[in-house]
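Here is the structure we will look at.
Below is the structure:
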């Protein structure tokens, strides 16, 4: 499993593995079959 710690209230977690920033969003509340989207950021993302 990815090294992401989730906030139980918001189902959103942040993590870092091998220098890659990761964002995880859990879509389902079922603890037995969670549906999670994991975004991996390979480079810095900026918004103007």
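Numbering (the working numbering), first residue to last: 260 to 307.
Each residue gets a CB set at the ideal place from its N, CA and C atoms; glycine is no exception.
None of the values given here were measured: they were computed from a predicted structure.
Sub-9 Å separation of residue i and residue j beta-carbons
i: residue 298; j: residue 281; result: yes
Reference residue i; option with closest CA among the options
i: residue 271; options: 294, 278, 277 and 285; result: 285
Cα-Cα separation between residue i and residue j, rounded to whole angstroms
i: residue 274; j: residue 300; result: 11 Å
i: residue 296; j: residue 277; result: 19 Å
i: residue 294; j: residue 279; result: 21 Å
i: residue 291; j: residue 283; result: 17 Å
Residue i (DSSP reduced to helix, strand or coil)
i: residue 306; result: coil
i: residue 292; result: coil
i: residue 286; result: coil
i: residue 281; result: strand
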